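Novice: I have a structure here, written as structure tokens, and I will follow up with some questions on it.
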Amino acid sequence: MKDVRLLTEMFIPGALVGPFTQAHPGLGGVCTFVGEVRGGEGQDTGVEALELSHYEPLTLRSMEELADKAIERFDLMGLLIVHRVGEMRVGEPIVLVSAAALHRRGAIDAVDFCMDHLKSAAWFWKREKREEGWRWIEPHAGDYADLARWSKKNRQFDLDQGSS
Amino acid sequence: MAVKIVFLGPLRDMAGAESQEVEAPLDWAGLLATVGDEVAAQLSEERVNIACAGRVLADKSALQAKDGDEVALLPPVSGG
Numbered sequence: 000m001k002d003v004r005l006l007t008e009m010f011i012p013g014a015l016v017g018p019f020t021q022a023h024p025g026l027g028g029v030c031t032f033v034g035e036v037r038g039g040e041g042q043d044t045g046v047e048a049l050e051l052s053h054y055e056p057l058t059l060r061s062m063e064e065l066a067d068k069a070i071e072r073f074d075l076m077g078l079l080i081v082h083r084v085g086e087m088r089v090g091e092p093i094v095l096v097s098a099a100a101l102h103r104r105g106a107i108d109a110v111d112f113c114m115d116h117l118k119s120a121a122w123f124w125k126r127e128k129r130e131e132g133w134r135w136i137e138p139h140a141g142d143y144a145d146l147a148r149w150s151k152k153n154r155q156f157d158l159d160q161g162s163s
Numbered sequence: 000m001a002v003k004i005v006f007l008g009p010l011r012d013m014a015g016a017e018s019q020e021v022e023a024p025l026d027w028a029g030l031l032a033t034v035g036d037e038v039a040a041q042l043s044e045e046r047v048n049i050a051c052a053g054r055v056l057a058d059k060s061a062l063q064a065k066d067g068d069e070v071a072l073l074p075p076v077s078g079g
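Line order of the protein sequences matches chains A and B. Numbered per numbering that gives the first Met the number 0, the first sequence spans residues 0 to 163. Numbered per numbering that gives the first Met the number 0, the second sequence spans residues 0 to 79.
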């Protein structure tokens, strides 16, 4: 089951992952990642809020295509991708990816794959609010390197190394 | 009807507006001449994409927007 959502309001990850898991009887494993707005007590980043914007004609469609790719590549039984847009406060969830598969490796890799693509290859724009005002955020070099791990050439390299 | 240019992400701040309507048709040269120097300089960079009528163009300079089309200016993305 493919379930891809773009949400404008806060969501509770557990409330979505529970039913998603229930919907796949016979699965061998579920892997879930939740990304939240970093900061607050003990992690004083100076960030007061985060805003994610999107472009309606492209964003959801490209998320659907990403989900299709992941389902095929990692032989998934189901995939749930939820991404927020709008303004978020510290501690609020931004993104949720949950993958169900017969075996753990497919589920874990699928979540990693989807997150790397959502970070730096999906139609979102992110800015953060600090004391001095709003500032646009671009992916770091590390984010692009993470994404490159999944390209065909590198994938072949992984296979040649006999990773399992 | 006209062509609607939509500014995404930081380009919105540069343009000082979310969108702008211009007369159709609109090609690459017309777009650069319309959006102001700062945005035009960004558009010339490889990492900025353009979508026309919901499709991302493989070659920006081949832009041919007609009456009713929406042209979106897409700077580098960051999500998650």
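Ideal Cβ placement from N, Cα and C applies to all residues, glycine included. Every value quoted in this text rests on a predicted model; they were computed, and no experiment measured them.
1) Please state whether the Cβ-Cβ distance between His82 (chain A) and Val96 (chain A) is less than 7 angstroms.
2) Just to confirm, are Val21 (chain B) and Thr33 (chain B) a CB contact at a threshold of 7 angstroms?
3) The beta strand (DSSP E) spanning Val3 (chain A) covers which residue range?
4) Tell me, to the nearest whole angstrom, how far the beta carbon of Cys30 (chain A) is from that of Ala98 (chain A); I am working on the premise that it is less than 8 angstroms.
5) Output the boundary residues of the beta strand (DSSP E) element that contains Pro92 (chain A).
6) Go through its chain and collect everything with a Cβ distance to Met114 (chain A)'s Cβ below 8 angstroms, but skip five positions before and after it.
7) Is Glu64 (chain A) close to chain B, meaning its C-beta is less than 7 angstroms from at least one C-beta of that chain?
8) Check the Cβ of Val76 (chain B) against every Cβ in chain A and list those closer than 8 angstroms, keeping chain order.
9) Beta-carbon within less than 6 angstroms of Pro9 (chain B)'s beta-carbon, same chain only, minus the 5 sequence neighbours each way: which residues are those?
10) Buried or exposed: where does Met13 (chain B) fall if 16 or more other Cβ atoms within 10 Å of its Cβ makes it buried?
11) Under three-state DSSP, which class holds Ser61 (chain A)?
12) May I ask you to list, following chain order, the residues of the segment 79-110 of chain A that have a beta carbon less than 9 angstroms from some beta carbon of chain B?
Specialist: So, from the listed chains and residues:
1) As a working note, residue 82 (chain A) is residue 83 in the first sequence. As a working note, residue 96 (chain A) is residue 97 in the first sequence. Using a Cβ distance threshold of 7 angstroms, His82 (chain A) and Val96 (chain A) do not count as a contacting pair.
2) Residue mapping note: residue 21 (chain B) aligns to position 22 of the second sequence, counting from 1. Residue mapping note: residue 33 (chain B) aligns to position 34 of the second sequence, counting from 1. Contact: yes.
3) Working through the first sequence from its first residue, we reach residue 3 (chain A) at position 4. Counting along the chain, the unbroken beta strand (DSSP E) around Val3 (chain A) starts and ends at 1-6.
4) Position 31 of the first sequence, counting from 1, holds the residue named residue 30 (chain A). Position 99 of the first sequence, counting from 1, holds the residue named residue 98 (chain A). Taking 8 angstroms as the upper bound for CB-CB distance, Cys30 (chain A) and Ala98 (chain A) are in contact here, some 5 angstroms apart.
5) The residue you call residue 92 (chain A) lines up with position 93 of the first sequence. For Pro92 (chain A), the enclosing beta strand (DSSP E) covers residues 92-100.
6) On the first sequence, residue 114 (chain A) is found 115 positions in, with the first residue counted as 1. Phe32, Gly34, Val94, Val96.
7) Locating residue 64 (chain A) in the first sequence gives position 65, where the first residue counts as 1. It does not; no Cβ of chain B falls within 7 angstroms.
8) On the second sequence, position 77 is the one that residue 76 (chain B) refers to. Neighbours of Val76 (chain B) on chain A, chain order: Ser119, Ala120, Ala121, Trp122, Phe123, Trp124, Pro138.
9) Looking up residue 9 (chain B) in the second sequence gives position 10. Counting only Cβ-Cβ distances below 6 angstroms, and skipping sequence neighbours, we find Pro74.
10) For the purposes of this step, residue 13 (chain B) is taken as the residue at position 14 of the second sequence. Sixteen is the threshold: when 16 or more other Cβ atoms of the shown chains lie within 10 Å of the Cβ of Met13 (chain B), as they do, the residue is buried.
11) By one-based count along the first sequence, residue 61 (chain A) stands at place 62. If DSSP states are grouped into helix, strand and coil, Ser61 (chain A) belongs with the helices.
12) When CB distances to chain B are screened at a threshold of 9 angstroms, the residues of the segment 79-110 of chain A falling below it are His82, Ile93, Val94, in chain order.
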